[in-house]
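147 is the number of the first residue of the sequence shown in my numbering; add one for each residue after it. For each residue, glycine too, the CB sits at the ideal point set by N, CA and C.
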Amino acid sequence: MGEINKVAVIGTGTMGPGIAQVFAQNGIEIHIFDVKPEQLEKARESLNRNLTLFAEEGIIKKSDIDQILSRIHTSSSLKDAIEGVDLVLEAVPEVPDIKTKIFSDLDSIADDGVILASNTSGLSITNLAKVTNRPAKVVGMHWWNPPIIIPVIEIIRGEKTDDETVRTIEALINRINKIPVLVKKDVPGFLGNRLQYALMREAIALLNDGVASAKDIDTMIKAGIGFKFPVMGPLETIDMAGMDLYN
Ligand SMILES: NC(=O)c1ccc[n+]([C@@H]2O[C@H](COP(=O)([O-])OP(=O)(O)OC[C@H]3O[C@@H](n4cnc5c(N)ncnc54)[C@H](O)[C@@H]3O)[C@@H](O)[C@H]2O)c1
């Protein structure tokens, strides 16, 4: 697979429009499709609103808005949406039956070389791949909300995802000015949600034990260690201070 130049985003609820915007802002042609036509209308409104805001904030030029929007095409069927694309990214609800149906449909209509990616927050990529005849070309591409702001995108390797697919998605993420992290094993919750849920579990335990108020527990993260995280992750902190301090 060479460069990805045309992408279909399936499902334009909370995540789809923002994902489409990032691709389009970085020069990639996008087709969007949703089973509910009103969702496509809402997506257009959200795209207009967010691009206007980005221009007001100086993130993009106002004169670029029309060109960015011209790269986003609305499709009236799944078949039209995936015509001639190099990558399909689904962002339909986190319901296994809906996801497997979409993957099975996509596999039957997309050309053999097309990569099928899921924005699932934690469902098994390996299981989604099993309903297709191209498990090597099925991969997780997990964006964080809001996709127009959060830099990281997780690449989740299913048991059969091949190196070329991983490399292609990694190159694409770099090209759209996002930061890739590779999840080498297809574990529930992947990387970000595993870490986030560990922190949430501890926050609930501390609250239950009466150690601090809910407000103070959140303030501890927001005004305390959360301040350090953008520059130093937990493993870098352990590495700097020494294992003897943290065992
Ligand atoms: N919302 C978040 O904060 C967030 C963050 C990261 C990842 N995700 C993941 O992204 C995916 C989408 O989440 P969301 O919050 O955008 O969901 P959502 O419910 O807001 O939107 C899903 C959209 O998919 C459409 N849809 C349903 N079935 C469809 C089908 N068969 N074909 C085409 N469109 C269909 C719906 O009409 C809806 O507009 C989920 O897998 C979720 O786990 C969500």
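Worksheet entry | With 16 other Cβ atoms within 10 Å as the buried cut-off, status of residue 167 | buried
Worksheet item: From residue 375 to residue 270, what does the alpha carbon distance come to, in whole angstroms?
Response: 28 angstroms
Worksheet entry | Three-way DSSP call (helix, strand, coil) for residue 303 in this model | strand
Discussion item. Which same chain residues end up closer than 7 angstroms to residue 157 when comparing Cβ atoms and leaving out the 5 residues on each side of it in sequence?
Written reply: Cβ-Cβ distances below 7 angstroms link residue 157 to 180, 236, 237 and 238 in the same chain, with the five nearest sequence neighbours on each side left out; the list follows chain order.
Worksheet item: What are the complete beta strand (DSSP E) segments, minimum 3 residues, inside the region 168-244?
Response: Complete beta strand (DSSP E) runs here, min 3: 175-179, 218-220 and 233-236.
Worksheet item: Any heavy atom of ligand 1 within a distance shorter than 8 angstroms of the CB on residue 341?
Response: no
Worksheet item: Between which two residues does the beta strand (DSSP E) containing residue 363 stretch?
Response: No beta strand (DSSP E) contains residue 363, which is instead part of the alpha helix (DSSP H) from 360-366.
Fill in: residue 163 to residue 189 span [Cα, whole Å]
Approximately 5 angstroms between the Cα atoms of the pair.
Worksheet entry | Burial state of residue 233 (16 or more Cβ within 10 Å) | buried
Worksheet entry | Completely contained alpha helix (DSSP H) runs for the region 313-382, where each covers 4 or more residues | 338-354 and 360-366
Discussion item. If you follow the alpha helix (DSSP H) that residue 391 is in, where does it begin and where does it stop?
Written reply: Start and end: 389-392.
Worksheet entry | Cβ pair count under 8 angstroms reaching 3, the region 247-260 against the region 199-215 | no
Worksheet item: Should the region 295-308 be called in touch with the region 344-355, which here means at least 3 C-beta pairs below 8 angstroms?
Response: no
Worksheet item: Would you say residue 246 and residue 279 are within 9 angstroms of each other, going by their C-beta atoms?
Response: no
Worksheet entry | Presumed contact (8 angstroms Cβ cut-off) between residue 186 and residue 218, rounded CB distance | Going by Cβ atoms, the distance from residue 186 to residue 218 rounds to 10 angstroms, so no, they are not a contact pair.
Worksheet item: Hey, quick one: how far does the alpha helix (DSSP H) through residue 275 stretch, first residue to last?
Response: Following the DSSP letters along the chain, one finds residue 275 inside the alpha helix (DSSP H) bounded by residues 271-276.
Worksheet item: Going by the CB atoms, is the gap between residue 319 and residue 285 shorter than 9 angstroms?
Response: no
Worksheet entry | Sequence-distant residues of the same chain with beta carbon closer than 6 angstroms to residue 177, five excluded per side | Within the same chain, 154, 219, 221 and 227 come within 6 angstroms of residue 177 by CB-CB distance, once the 5 residues on both sides are set aside.
Worksheet entry | Environment of residue 300 [buried if 16+ CB atoms lie within 10 Å] | buried
Worksheet item: Can you tell me whether DSSP reads residue 287 as helix, strand or coil?
Response: strand
Worksheet item: Cβ of residue 383 within 9 angstroms of Cβ of residue 291?
Response: No, Cβ-Cβ distance for residue 383 and residue 291 is not below 9 angstroms.
Worksheet entry | Nearest to residue 224 (by Cα), restricted to the options 244, 197, 165 and 255 | 255
Fill in: Selection from 276, 240 and 275 that minimises the alpha carbon distance to residue 266
240
Discussion item. Can you tell me where the beta strand (DSSP E) holding residue 261 begins and where it ends?
Written reply: 261-264
Practice prompt. Would you mind stating whether residue 325 and residue 281 have Cβ atoms separated by less than 9 angstroms?
Written response: no
Worksheet item: With which residues is residue 154 paired in a DSSP beta bridge?
Response: 177 and 234
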